[in-house]
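Residues in the sequence shown are numbered from 3 upward in steps of one, following our numbering.
Each residue gets a CB set at the ideal place from its N, CA and C atoms; glycine is no exception.
Here's the structure we're looking at; comments come further down.
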Amino acid sequence: MRFAPIAGSIACLIATGVMSSAAQCEPAPLVLNDAEYFEQPGFNVVVFSNWYNGLFGDSKISGVELIHHGERMATNGDIRLNATPEQWDLIPEFVSRHVDPADNSIQATLRYPDHDFTYTIVAKPQGGKIKISVVLPAPLPPALAGKAGFNLEFLPATYFETSYLADGKPGTFPLYPTGIKEINGQSAPQPLAEAATLTLAPEDDNRRITVTSNAGKLRLYDGRSKAQNGWFVLRQILPEDKSGTVLEWNLEASTTANWQRAPVIGHSQVGYLPSQLKRAVIELDKQASLKQPATLIKIAQDGSRDEVLSQVPTAWGDYTRYQYAVFDFTKITTPGLYQLSYGETVTAPFVIGEDVYASAWHATLDHYFPVQMDHVLVNEAYRVWHGASHLDDALQAPVNHQHFDLYAQGPTTDTAFEPGEHIPGLNVGGWYDAGDYDIRTQTQYATVRDLVNTWEEFNIKRDTTLVDYDAKFVDLHVADGKPDVLQQIEHGTLALVAQYEAVGHAIPGIIVPDISQYTHLGDGITMTDNLIYDPSLDKHEANGLRSGKFDDRWAFTSKSTPLNYGAMAALAAASRALAEHAPALADNALTIAKNAWHTEANQQPDLFHHGNTTGGGLEEEKFKAAVELLITTGEAQYADAITALLPALRQAFGDYAVDALRVVDYMGKSYKQTIQQVAERYQTQQQQKTSGNPYQVEITEGGWAGNGTILQSAIIDYYLHKVFPQQFDGQGVYRALDYLYGTHPDSDISFVSGVGTQSKKVAYGMNRADYSFIAGAIVPGVLILKPDLPENKENWPFMWGQNEYVINVGASYLFTVNAARHMAAQKQ
3 MRFAPIAGSI ACLIATGVMS SAAQCEPAPL VLNDAEYFEQ PGFNVVVFSN WYNGLFGDSK
63 ISGVELIHHG ERMATNGDIR LNATPEQWDL IPEFVSRHVD PADNSIQATL RYPDHDFTYT
123 IVAKPQGGKI KISVVLPAPL PPALAGKAGF NLEFLPATYF ETSYLADGKP GTFPLYPTGI
183 KEINGQSAPQ PLAEAATLTL APEDDNRRIT VTSNAGKLRL YDGRSKAQNG WFVLRQILPE
243 DKSGTVLEWN LEASTTANWQ RAPVIGHSQV GYLPSQLKRA VIELDKQASL KQPATLIKIA
303 QDGSRDEVLS QVPTAWGDYT RYQYAVFDFT KITTPGLYQL SYGETVTAPF VIGEDVYASA
363 WHATLDHYFP VQMDHVLVNE AYRVWHGASH LDDALQAPVN HQHFDLYAQG PTTDTAFEPG
423 EHIPGLNVGG WYDAGDYDIR TQTQYATVRD LVNTWEEFNI KRDTTLVDYD AKFVDLHVAD
483 GKPDVLQQIE HGTLALVAQY EAVGHAIPGI IVPDISQYTH LGDGITMTDN LIYDPSLDKH
543 EANGLRSGKF DDRWAFTSKS TPLNYGAMAA LAAASRALAE HAPALADNAL TIAKNAWHTE
603 ANQQPDLFHH GNTTGGGLEE EKFKAAVELL ITTGEAQYAD AITALLPALR QAFGDYAVDA
663 LRVVDYMGKS YKQTIQQVAE RYQTQQQQKT SGNPYQVEIT EGGWAGNGTI LQSAIIDYYL
723 HKVFPQQFDG QGVYRALDYL YGTHPDSDIS FVSGVGTQSK KVAYGMNRAD YSFIAGAIVP
783 GVLILKPDLP ENKENWPFMW GQNEYVINVG ASYLFTVNAA RHMAAQKQ
């Protein structure tokens, strides 16, 4: 039987052990802490510690934010101009933030410059509650009357299957989006409720929040009715013709005295090799005691459980908002099925065995890679993942145009095509870059090179996918006698070759022209009629080859020498891997790469740069090309180029390391000595980066979580160990996999969907509207939100910085798992 949550006052009395006086159960006061946010047991209020993502619009990590019982469940407390803002809607500019310990307050000033509108938001506790005020130095501009309002957005997944009370009137939060009405022929959000006081989840002590407006009505909206990534929005319109304090909300959260977050036992959901270092990292509330033991339990066939190791874990210290301890069970090497426990927390079962990595990479190659293939229909048994989309690629992008998603076209097309003209031949190969449908060249060539490295290092010949280019058809779990890795290399190479054959150089990429297409969720084939756009035809007219429907993707074609070098590096590498699999394509790829090198060597570099679509640094990308061309051809000119680039390499070895190490045997003794010296300094730098957290990997902080960085570091560690085995032990490979598989902050879930006992099941792929996953895909991971909250939302796919699949990370993961397998086999 399940019982209703204990009422707040009774829960408080029980928790404190005091039953004589209700007065002792007043909520603990909110206190401004050293991290510059307000806290009480089980509840924190963060005020503009984070800012909107300037590259991608509203990323749901700004304004006033609420963290309730360890979970961030409200964000974007700010003035917005729409009831249910979408990602690309107008956001204000940040002006300043002031923390006043003496006044126990935080205030942030922002402005909408186009409207000459400046305002200040002030947050100040009043005992166990917090007051949020909006202060205007001058009355609201007339153009914003009825538009500007204070919004606070609540995570829908937190409140699914709960209720609300609006001035005592009950309602329930909808599981499926709702709340739209027609106003003047346009869709507009319809409030779910209006009230002076609104309580969310009154029945649940863990989620109950009450908001009261001192004047005016609160309106509750379902932001998902306009966009699937919308949140539940609590909003109040700002009054007209008033200045000073024009809006006040009083906000209170249900809390329990002495609340502590339950422990998280970070461990590998996949398991461990018997000989491997085995460290469980236990994440604890800072108020928790470290006196109880952690236990390793072996599970027998009959279900019996044997405690094989039990000891108090070793305290590590504080990191982010938690304290950490390490439970080392390396000495347990007996193969079998195990669980870990600490207090009342018990992990899912995992394996200790020699074959833990044997199939850990299969889902990525068998499933994720073919699902992401563009320009082909992808079938899996009774399911079609997507049709053969974008066969009408692509139209020349307009000049002097700054697009969304970091694409831009310079002052000329740098091609023989006019803006809007169809560029033939671009409708082959390539992978959907991420959770979107663009072909980002920089991602494509990085993916090709990692796949080639995987093939050449580990010679994996797994075949479970049929690829038929004549039929534009891919069938999962159907062998066709060809190694799948080579088929994926071929697919990426086709897209790169097509660019050179179409316009003579690598291009930034191909992406839809309209934001409504960009936000499209579902089968990519429904974005386009696959007919080449012809402006001479009516928008509803088609002749079987062309149509008047403007739905073709744009090709951004500005020349970039760094991008060109990156692409020629991938082509040179692919020519080796494809020599027997697709010899004509291999020959063509190498010819293009050599010609492109010759062209760039005899002209001034084109340095058009925008966002992350025009290549990396010039020296770094040139180094990649020189390495691949040297390995492929053995020609001295490329060795000379590598030598000339050594000063740049010394300054940023991490950016060059993999290629610098791969080419050691092709260079002289002096080169190897130089690399060894630089590698030693790099090792010291990496130890500094990894020593600041208990997971012993580099955890980046920013708008995009760091699993890609962790995998890249693992690949560097593999090559360092391969080239200098006496100095580098290669253990970073195993640490990276442990991290991805669950030994990380916030939870113990595997970040590789479908891999490990418990893994990511809700992620940001093209399937995100279905709250589902693509097996073998890897999410970015734990995002460290300022000032101190590690977060990865498993119940909400739309947090791209935490949950978006990216194809090149899949290639890095393939390499890393096979590197671990290879290193383990060498020890046997």
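Residue(s) in a DSSP beta bridge with residue i
i: L200; result: A168, V213
i: H100; result: Q109
i: Y535; result: S549
i: D330; result: R281
i: D472; result: DSSP output for D472 lists no bridge partner at all.
i: Q411; result: H403
i: R221; result: E196, R237
i: D308; result: K300
i: V33; result: E41
i: M375; result: W433
i: Y324; result: Y321
i: P191; result: I182
i: E630; result: In the DSSP output, where bridge partners are listed per residue, E630 has none listed.
i: E95; result: R113
i: Q398; result: A557
Assumed close pair residue i, residue j - CB separation to whole angstroms, cut-off 8 Å
i: I809; j: T495; result: Going by Cβ atoms, the distance from I809 to T495 rounds to 14 Å, so no, they are not a contact pair.
i: I594; j: L573; result: 6 Å
i: E285; j: P789; result: At roughly 17 Å, the Cβ-Cβ gap does not stay under 8 Å, so E285 and P789 are not in contact.
i: K300; j: V314; result: That pair is no contact at about 20 Å.
i: D440; j: T466; result: In fact, because the Cβ distance is near 27 Å, the residues do not count as touching under 8 Å.
i: H611; j: S562; result: 7 Å
i: A643; j: K624; result: 7 Å
i: H392; j: G526; result: 7 Å
i: A255; j: F45; result: 4 Å
i: T456; j: F175; result: Not a contact, Cβ separation roughly 46 Å.
i: Y766; j: G437; result: 5 Å
Start and end residues, alpha helix (DSSP H) containing residue i
i: D719; result: 709–725
i: V505; result: 486–505
i: I677; result: 671–692
i: H424; result: Neither: H424 is in no alpha helix (DSSP H) and is coded neither H nor E.
i: N769; result: Taken as a continuous stretch (DSSP letters only), N769 belongs to no alpha helix (DSSP H), as it is neither H nor E.
i: W90; result: Segment: none, W90 is in no alpha helix (DSSP H) and carries neither H nor E.
i: R385; result: Premise fails: R385 lies in the beta strand (DSSP E), 385–388, not in any alpha helix (DSSP H).
i: D740; result: 733–742
i: H70; result: It is not in any alpha helix (DSSP H) - H70 instead sits in the beta strand (DSSP E) that spans 66–70.
i: F817; result: 809–829
i: W599; result: 585–603
i: T517; result: Here residue 517 is Ile; the residue named in the question, Thr, does not match the sequence. Counting along the chain, the alpha helix (DSSP H) containing I517 begins and ends at 517–520.
Start and end residues, beta strand (DSSP E) containing residue i
i: M75; result: 73–82
i: W251; result: 246–255
i: K133; result: 131–138
i: P127; result: 119–128
i: D477; result: 475–478
i: E155; result: 151–156
i: Q289; result: First-last for Q289: undefined, no H or E at that position.
i: G59; result: It is not in any beta strand (DSSP E) - G59 carries neither H nor E in the DSSP assignment.
i: G568; result: Careful: G568 lies outside any beta strand (DSSP E), inside the alpha helix (DSSP H) at 563–579.
i: Y447; result: Counting along the chain, Y447 falls outside any beta strand (DSSP E), though it belongs to the alpha helix (DSSP H) covering 443–460.
i: I63; result: Per DSSP, I63 belongs to no beta strand (DSSP E) and is neither H nor E.
i: I509; result: Element bounds for I509: n/a, residue is neither H nor E.
i: A557; result: 556–558
i: I267; result: 266–268
Does the stretch 153–160 touch the stretch 124–132, meaning 3 or more C-beta pairs lie closer than 8 Å?
Not touching, per the Cβ criterion.
Evaluate contact between the stretch 173–181 and the stretch 219–227, counting only Cβ atoms and requiring at least three cross-stretch pairs below 8 Å. yes
inquiry  = Could you check whether the stretch 419–429 touches the stretch 475–489, counting it as contact only if at least three pairs of C-beta atoms, one from each stretch, sit closer than 8 Å?
reply    = no
Does the stretch 660–676 come into contact with the stretch 765–774, if we say contact requires no fewer than three beta-carbon pairs (one atom in each stretch) closer than 8 Å?
no
Margin query: List, from N- to C-terminal side, the beta strand (DSSP E) runs of 3 residues or more that fit wholly inside the stretch 635–668.
Written below: None, since the stretch 635–668 contains no complete beta strand (DSSP E) of that length.
Next item on the list: Pair every Cβ in the stretch 523–543 with every Cβ in the stretch 627–641, then say whether three or more of these pairs are closer than 8 Å.
Entry: no
Unbroken stretches of the beta strand (DSSP E), 3 residues or longer, contained in the stretch 759–801:
785–787, 791–793
Where are the beta strand (DSSP E) runs, 3 residues long or more, that stay fully inside the stretch 341–368, in chain order? DSSP runs (the beta strand (DSSP E)) wholly in the stretch 341–368: 352–354.
inquiry  = Three or more C-beta pairs under 8 Å: does that hold for the stretch 752–764 against the stretch 713–726?
reply    = no
| task | Please determine if the stretch 236–249 and the stretch 138–156 are in contact, where contact requires at least 3 C-beta pairs separated by less than 8 Å. | result | Contact between the stretch 236–249 and the stretch 138–156 is established, with three or more Cβ pairs separated by less than 8 Å.
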